[in-house]
Amino acid sequence: MAPRYDFKKIEAKWRDFWREKGFFKPDLRDTQRKFYYLNMFPYPSGEMHVGHGRNYILGDAYCRYLIMRGYNVLNPMGYDAFGLPAENAAIERGVHPRDWTYRNIETFRRQFRLWGVEFDWDREIATCEPEYYKWNQWLFLQFYKRGLAYRKDAWVNWCPGCETVLANEQVVEGECERCGTPVTKKKLTQWFFKITAYAEELLNDLEKLEHWPERVKTMQRNWIGRSEGALIRFPLVDCDGVIEVFTTRPDTIYGATYMVLAPEHPLVDQITTPERRDEVRRYVERAIAESEIQRQRVDRPKTGVFTGAYAINPANGEKIPVWVADYVLMTYGTGAIMAVPAHDQRDFEFAKAYGLPIVPVVQPEDRELDGATMTEAYEEKKGVMVNSGPFTGLPAGPETIQKFIEHFEREGFGQRHVSYRLRDWLISRQRYWGTPIPIVYCEKCGTVPVPEDQLPVLLPEVEFLGKKGLAEIPAFYETQCPKCGGPAKRDTDTMDTFVDSSWYYLRYLSPHDDERIFDPELVNAWLPVDQYVGGVEHAILHLLYSRFVTKALRDMGLVNFDEPFARLFTQGMITHKAYRCVEHGWIHVKEVPEDETCPHCGKPLLTEVAKMSKSKKNVVPPDDIIERYGADAERLYTLFMGPPEKDIEWTEEGIRGAYRYVNRLWALVWDYQDVVRQAPDEPVRREALPPREKQLWRVLNEKIKAVTEDIEGFRFNTAISALMELTNELHDYIEHHKGERERLHGPLFKRAVEALILMVSPVTPFIAEELWRLVGHEDAVLEQRWPEPDPDALIVEEREIVIQINGKVRDRMTVPAPLSEDREQLEKLALERVQHRLDGKRVQRVIVVPGKLVNIVVE
RNA sequence: GCCGGGGUGGCGGAAUUGGCAGACGCGCGGGACUCAAAAUCCCGUGGCCGCAAGGCCGUGCGGGUUCGACUCCCGCCCCCGGCACCA
């Protein structure tokens, strides 16, 4: 009888072993078999839960596998350590964000160790260290030099909850991505990174990323939002100037019956006639005050006001009124449109509401459009151009659109233009816990970049100030101009933390270099990252910014690749039931009794399956799981629970199932360790094996093949099920010989058990290391070679042939392998075999699929 | 509305150049061990009919192609994610 599987003792025994042996430290000079594996680095918030494990356990298992395959694996870890939650937590607890952050980092390190998740710890980085953020500042200065960082006065997203501005990417359905507060607009002077300069390339290069999930690429395509069309200038009547519009339908210009400016459009004030001024001002003020959510509701009625001004339609010389309406957005195109109500549903609704003329210029083939009776806009590009001057009679479509644009270009009032939804990346943040922007404002010299040799601009060492930023710390912002030495003021904003994470994967190659941002030689040798893994929530934000920064660095000559991440895998979330009592609110999962009633009042609890969060009190900490079932069981369950890209619910039953398997594995190897240890180390020859042994030999090699292929494809769930099948097969084999160990085939049994231990080791490294010693080895599992299938073992001597009648399985027969390829023989044998079922029925046809089946078609 | 992904037992999920649907695990039922329970082990487990042998039905719905469809085609429904007054 095996002694109890004492996971605590075993895991404690091996916990520091791999680190001490240096298995996770690559030799960076050896790039022959290099593999750069990377998990998205975490934000160190409190402590990790089992959901975080999805990411890191997967990565650790994959890297252990790669090491055994002989790869030189770089798998580093760090912390995205700047950010607002640190400030908020610090405000709540009265500790400095730095202390809170470092305490969390300490917890994360402890948890990684408990999990057996190993990295090259010499490369650990934290973005809040001056050693790191100095290079954020350096990067900013390089961007500034090249015009990729610029300051402008703009309407920006403002989160009243976080008291800071946000990038467009951080506004989700009108709300702050972080805190959910409805976002408002503010006009501020802020720093931007010119990501739009790379819009076209960011879009086109998505095609190169064949190993990225389709949905991430689609999301980025949508986000970039390319549309082709034209810019057209409409001269104003009675005053100088023009209104420039962007349109994707230049062919409908003859149907433009009015124009609309966004409420924030700078021309609004200039062109509004005195008698309309009050009304326009009221409308504009109200529109600007409204939140983005209210304004962006698709279903709300169109509103607007007439400015009193007119413009000339440059195509036909007609005078058309200029309106202001909030359905036109200042942030897209030029902030102004030509309105063609007959062919644009939004313009149509507006025209109907305000009695503006509707003039069709595209007539469909099957009906006659009439502006007076139309009930909706005709948006299709099919039919014939009408009412369109020299274009009348042309077929509607792309060719005609081109002709229109050429006409505009000849006449000089418009030109071809591509517009993007993507806007420049606003990087200023009015917060303390971030990278100071290395810019000084001098009354004499203006905007002056901090010289590179004066970096880093350090965050001031202050008692934490609560919800106040650098703007409240004179000791920080009062400075001298680097150019003239006169009194000057520092920029008091910090950078968006997405700047920190947009290049960290480059820093891992030389994390402590204080001469330069990274070592280009190493970076070019090791990048792009071979495999990047993280949550899909970064599909746009982090991944788009990183792609942009990589391209910018390439154009500076610092890197020689176009894309930072060759392969991307997005793992799903782990969810858990959350319980709520109508009276007592969220109830912690640990306090919920078996019958799912409230521990305070006994009422039945409401349940929902949700992402683990402190607020819903449904967080499962790994520490508890490891205490009760061990890290190996948690790792096994995490990888077995389902396909890693899918969201999945954590259950107590599931972890128990995994624990059972680890126990079974322990007992199996323990009980038969002597058979393995004493077996002669001789090759297994298939021909020499008795039938049951032949089967074990075949199954073993099939499973080696299956497990290997599954791990390569990140299908750990099916890899583990194959390992379980192999374990079951071994049990069955032992059972076949009634557990009499002298009847077991030593060399074969040894091969099978050892392959099982090695193949399970990426998933359950602790027990694997222990079992490996138990069967008589002195060196480490990570020093072993990954098992290879023996092609000879995969040869099948007999095949089972399915016999169908009319496509339904009716019988099966086992035939020698060579015979299974003989169509005529198979047909004959099958007919004989099912003769009794065919009585009297006429056989019409027989389909034979060699090696697989015979289908007899009757009547 | 547009784009992407998906829908298979009580549950998580396997299976695709069209060829045995439900691997593996959970749960459940039965048995062994035990004074008893837990743990463990063994057997069973898609539904319906049948004592059984066996039969019928079955991969969201409706059609189609095919000897044969979870898999391919056409038309729908539902769920998840992204974008959305983007001109």
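Using our numbering, the first residue of the first sequence is number 37, and each one after it goes up by one.
Glycine included, each C-beta is placed from N, C-alpha and C at the ideal position.
Values in this document were obtained by computation on a predicted structure and should not be read as measured data.
Residue i - partner residues in DSSP beta bridges
{"i": "serine 263", "result": "Ser455"}
{"i": "methionine 374", "result": "Met295"}
{"i": "tyrosine 541", "result": "In DSSP, tyrosine 541 forms no bridge with anything."}
{"i": "histidine 247", "result": "Arg603"}
{"i": "methionine 255", "result": "Answer is none; methionine 255 lacks a bridge partner."}
{"i": "proline 472", "result": "Thr530"}
{"i": "glycine 450", "result": "Ile268"}
Nearest neighbour of residue i, chosen from the options [CA to CA]
{"i": "alanine 298", "options": "Gly369, Glu385, Val109, Asn75", "result": "Gly369"}
{"i": "threonine 606", "options": "Glu47, Trp562, Glu834, His88", "result": "His88"}
{"i": "proline 496", "options": "Pro434, Met592, Asp659, Ile473", "result": "Ile473"}
{"i": "leucine 589", "options": "Met609, Leu604, Pro726, Asp555", "result": "Asp555"}
{"i": "arginine 149", "options": "Leu272, Phe512, Pro629, Lys49", "result": "Lys49"}
{"i": "phenylalanine 650", "options": "Lys613, Leu675, Glu354", "result": "Residue 650 is actually lysine in this sequence, not phenylalanine. Closest by alpha carbon: Lys613."}
{"i": "threonine 293", "options": "Glu354, Tyr673, Glu128", "result": "Glu354"}
{"i": "tyrosine 581", "options": "Ile747, Tyr697, Tyr540", "result": "Tyr540"}
{"i": "alanine 97", "options": "Lys739, Leu405, Thr674, Glu863", "result": "Thr674"}
{"i": "threonine 67", "options": "Val811, Val320, Glu819, Leu545", "result": "Leu545"}
{"i": "leucine 672", "options": "Lys61, Trp151, Gly448", "result": "Trp151"}
{"i": "aspartate 276", "options": "Gly210, Ile289, Leu303", "result": "Leu303"}
{"i": "alanine 715", "options": "Leu780, Pro827, Gly666, Lys682", "result": "Leu780"}
{"i": "arginine 751", "options": "Val705, Arg734, Val799, Gln709", "result": "Val799"}
{"i": "valine 585", "options": "Trp622, Tyr568, Ser537, Ile691", "result": "Ser537"}
{"i": "arginine 616", "options": "Ile610, Cys634, Pro629", "result": "Cys634"}
{"i": "aspartate 826", "options": "Pro854, Arg721, His773, Gln880", "result": "Arg721"}
{"i": "methionine 255", "options": "Val397, Ala347, Ala575", "result": "Ala575"}
{"i": "tyrosine 346", "options": "Asp768, Tyr107, Val360", "result": "Val360"}
{"i": "glutamate 681", "options": "Leu94, Ile46, Leu558, Pro78", "result": "Leu94"}
{"i": "leucine 392", "options": "Ala378, Thr687, Glu644, Val885", "result": "Ala378"}
{"i": "tyrosine 92", "options": "Met648, Tyr568, Gly678", "result": "Tyr568"}
C-alpha gap between residue i and residue j, whole angstroms
{"i": "lysine 221", "j": "serine 327", "result": "7 Å"}
{"i": "proline 719", "j": "leucine 784", "result": "8 Å"}
{"i": "phenylalanine 43", "j": "valine 851", "result": "47 Å"}
{"i": "phenylalanine 23", "j": "methionine 421", "result": "Past the boundaries of the shown model lies residue 23; the chain is included only from 37 to 895, so the question cannot be answered."}
{"i": "valine 890", "j": "lysine 877", "result": "17 Å"}
{"i": "asparagine 75", "j": "aspartate 63", "result": "20 Å"}
{"i": "valine 86", "j": "proline 657", "result": "6 Å"}
{"i": "lysine 181", "j": "tryptophan 227", "result": "14 Å"}
{"i": "alanine 126", "j": "tyrosine 138", "result": "12 Å"}
{"i": "threonine 530", "j": "glutamate 300", "result": "27 Å"}
{"i": "glutamate 5", "j": "glutamine 451", "result": "Lying before the first or after the last residue shown, residue 5 is absent from the chain, which here runs from 37 to 895."}
{"i": "tyrosine 513", "j": "arginine 465", "result": "15 Å"}
Residue i, DSSP secondary structure in three states
{"i": "tryptophan 136", "result": "helix"}
{"i": "glutamine 880", "result": "strand"}
{"i": "asparagine 596", "result": "coil"}
{"i": "histidine 379", "result": "coil"}
{"i": "threonine 528", "result": "coil"}
{"i": "alanine 853", "result": "coil"}
{"i": "alanine 162", "result": "strand"}
{"i": "isoleucine 793", "result": "helix"}
{"i": "aspartate 717", "result": "coil"}
Local Cβ density within 10 Å of residue i, reported as buried at 16 or more and exposed below that
{"i": "valine 376", "result": "buried"}
{"i": "arginine 159", "result": "buried"}
{"i": "arginine 902", "result": "Lying outside 37 to 895, the shown extent of the chain, residue 902 is not represented and no answer is given."}
{"i": "histidine 624", "result": "exposed"}
{"i": "histidine 578", "result": "buried"}
{"i": "threonine 411", "result": "exposed"}
{"i": "lysine 888", "result": "exposed"}
{"i": "asparagine 737", "result": "buried"}
{"i": "cysteine 637", "result": "exposed"}
{"i": "proline 112", "result": "buried"}
{"i": "lysine 244", "result": "exposed"}
{"i": "proline 162", "result": "According to the sequence shown, residue 162 is alanine rather than proline. With 16 or more Cβ atoms within 10 Å of its Cβ, alanine 162 is classed as buried."}
{"i": "asparagine 240", "result": "exposed"}
{"i": "alanine 511", "result": "exposed"}
heavy atom of the ligand COA below 7 Å from residue i C-beta
{"i": "glycine 608", "result": "Within the structure as shown, the ligand COA is missing, as the structure has no ligands at all."}
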